[in-house]
Amino acid sequence: MVDMKANPYFLSDEDIAWVEDTIAGMTDEEKVGQLFFQLTSSQEESYLKELMEKYHLGGCRYNGMPGARVLEQNRILQKYAKVPLIIACNTEAGGDGACSDGVNIGSGIKIGATGSAQYAHDLGRMANEQAAAIGCNMAFAPVCDIHYNWQNEEIISRGFGNDPERVAAMSRAYLDGAHTIPGFACAAKHFPGNGQDYRDAHMANNINEFDHDQWMSTYGMVYKTLIDGGLDAIMGGHIMLPKYMRSVKPGITDDEMLPATLCPEIMTGLLRDELGFNGMVVTDASHMVGMTDRMKRRDMLPAAINAGCDMFLFFNDPDEDFQTMLDAYKTGVISQARMTEALERILALKAHMGLNKKAKEELVPDPEALPAVLGDPSYKKTAEAISREALTLVKYKDQGVLPLDPKKTRRVMIVYVKGADGPMAALAAMAMGGGKRKSPAEELRDRLIEKGFDAFIYESPLEKIKKQIAAGEAPSLNLYFAGKNAIADFVSQMDLVITLCDVANGHPAFGMSKGGGEIPWYVFEVPVVAISVNLPTMLADIPAVRTYINAYDSKSYTLDALVDALTTGPEAFHGKDPIDSFCGLWDTRI
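The C-terminal position of the sequence shown is numbered 1125 in this note's numbering, with every residue numbered one higher than the one before it.
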């Protein structure tokens, strides 16, 4: 039996009676439906009606769209829900994780760089005020992973950094901020903790190598801080804990290792029994390879529930997955006791959120109030302050380069460095709406020109060849392989170079060093200031640069703050490196 009067539910006898009576009145299909969190694929009322009436869902999430459309979708979902829905969003960094016109407040790593738990509290409150205004009632946040491996890109920008104490304090502050909103819940992620394996659980296995004592003093401490603070829910990550498993299950073989979401020793033994978590647990997305590569899907679904997860995130095929879970319940693979326990946690959370006491029309706010929330000027003001305070001067060996001054270094060449376009690049571009926004390099150039600099963007030999091909001309490969200039001629074109790195995944897509200026081989020939507006680990790829800055993103107000700091001097960079931006490599410091 779940203690519904204890943390995090604190239910009254009346609320407990609602939970018990609701479960008692459910059909088998309705019980199974409560276990599922589904991603909506349409906003048509007929589709959403079928989703609720056929599958009896316990929770929903959705893809990005304007707030007014989300609000209307959520109104329809709640209209047809027999039991009120949990509707979740990814407000890790701001209201833009709830709707496309929401306001970004600041990523975890930016807030980590400020060192301010108050900003983390602001993030939790402001992001989720926007979410609540469109009818969402749960954040899949905070991201309380700890960044130990510089090559881990899955959570590097999403978490608060590499210091467990900072991660705990800021995650708790986010939770407290979200809890200022009546009826709003948080699901912290990704238990038992990401940040050690360089691999992404969406595409491969992910391993946390800490033993029990190491884990308890780091990740365990973070989660215990949140649990003691009234954490409502936890998202289980598809992450293995092999050293822990060998200590609690001697003789376990490598083939028997499972991710946490399928492992009772982790989800029940460690999370429930040792940490004392009494709240609801939802799996991370069930299409992720870190989960799907361990067993057949028909075994995986009930295994997640039996491991201790209460809700299962996303159907593959709705009919197939629903029937698989229903069959597992009817045949006893999922026991009556385990089903009741999961349902008690799900419904107790809904009662804790006050959903059981609201009329259907009260579950989603009035759309007329939405513009005032999304347009709250305090959100943008806070985002701008975070951008200023987060700017981090990681490496500064060429003393005197800053501040930039057009009297000293008027001609500034901007070398725009991007990563290789992977298979998701086109899809991401479509998801962003295919807008015509200028590139960060163009925006930086324009801002420098306004400050009196003669700034221009470097065109590489490869770009020149592409233009020749596009114009129907025979490409001159000598531009690439033999188009080298005398050093004096090269440096005569500029007084300073800004290497602007905008790499979202992997490594910079440099050409060869022959005949090109993409790679800053010339750091002793002309002053070079390297700036990353994306991944903060670019020093691993350009270790020779002697001045390196992390700005963390290329939002317009971030670039405003960046240019102001560049032209003010090193004292304007207030951020403290929240990770090891030197990437654990000695040569990045020379």
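The beta carbon of each residue, even a glycine, is placed where N, CA and C say it ideally should be.
Around the Cβ of E1060, a 10 Å sphere holds fewer than 16 other Cβ atoms; the residue is exposed. Our two residues, Y733 and M775, have alpha carbons roughly 13 Å apart in a direct line.
Spanning the alpha carbons of T562 and G696 requires a straight line of approximately 46 Å. Within the DSSP secondary-structure output, V868 pairs in no beta bridge. In this structure I992 is not in contact with E1008, their Cβ atoms being roughly 22 Å apart against a cut-off of 8 Å. Around the Cβ of G1052, a 10 Å sphere holds 16 or more other Cβ atoms; the residue is buried.
Residue pairing of Q573 in beta bridges, as defined by DSSP: C595.
The residue among L983, C844 and A633 with its C-alpha nearest the C-alpha of I1033 is L983. Under the DSSP assignment, H656 falls in the alpha helix (DSSP H) whose first and last residues are A652 to A668.
E664 and V908 have their C-alpha atoms roughly 8 Å apart. Around T1102, the same chain offers P938, L939, D940 and K986 as residues with beta carbons nearer than 8 Å, after the five sequence neighbours per side are excluded. By the neighbour-count criterion, in which 16 or more other beta carbons inside 10 Å mark a residue as buried, E924 falls on the buried side. DSSP places S752 in the helix class (H, G or I) of the three-state scheme. The C-beta separation of G659 from G712 comes to about 3 Å, placing the pair in contact by the 8 Å criterion. A Cβ-Cβ separation of about 17 Å leaves Y1083 out of contact with V947 under the 8 Å criterion. Burial state of P1071 is buried, judged by a 10 Å Cβ sphere holding 16 or more other Cβ atoms. Membership of I1054 in any beta strand (DSSP E) is not indicated, and neither H nor E is assigned to it by DSSP. For T626, the secondary structure class from DSSP, reduced to helix, strand or coil, is coil.
Taken in chain order, the unbroken stretches of beta strand (DSSP E) that lie wholly in the region 661 to 748 and span 3 residues or more are 720 to 726.
Between the alpha carbons of A1075 and R945 lies a gap of roughly 29 Å. A check of alpha carbon separations from K953 across Q934, L1035 and T866 identifies L1035 as the nearest.
The C-beta distance from I640 to G670 rounds to 20 Å, too long to meet the 8 Å contact threshold. Here K584 carries a helix assignment [DSSP, helix/strand/coil]. Under DSSP, C1036 forms a beta bridge with V952 and S1067. Between D956 and S642, the gap from beta carbon to beta carbon reaches 8 Å or more. In this structure M770 touches K724 by the C-beta definition: roughly 4 Å separates them, less than 8 Å.
Burial state of M536 is exposed, judged by a 10 Å Cβ sphere holding fewer than 16 other Cβ atoms.
The residues E580 and L583, in chain order, have a CB closer than 6 Å to that of I611 in the same chain once the five nearest residues on each side in sequence are set aside. C844 is positioned such that its CB atom lies closer than 8 Å to that of M802. A buried status is given to Q573, since no fewer than 16 other beta-carbon atoms sit within 10 Å of its beta-carbon. Assignment of alpha helix (DSSP H) within the region 835 to 884, counting only whole runs of 4 or more residues, yields 853 to 865 in chain order. Scanning K540, A616 and V678 for the CA closest to the CA of A894 turns up A616. For the 8 Å CB-CB criterion, T760 and R707 form a contact.
DSSP, reduced to helix, strand and coil, places G771 within a strand of the structure shown.
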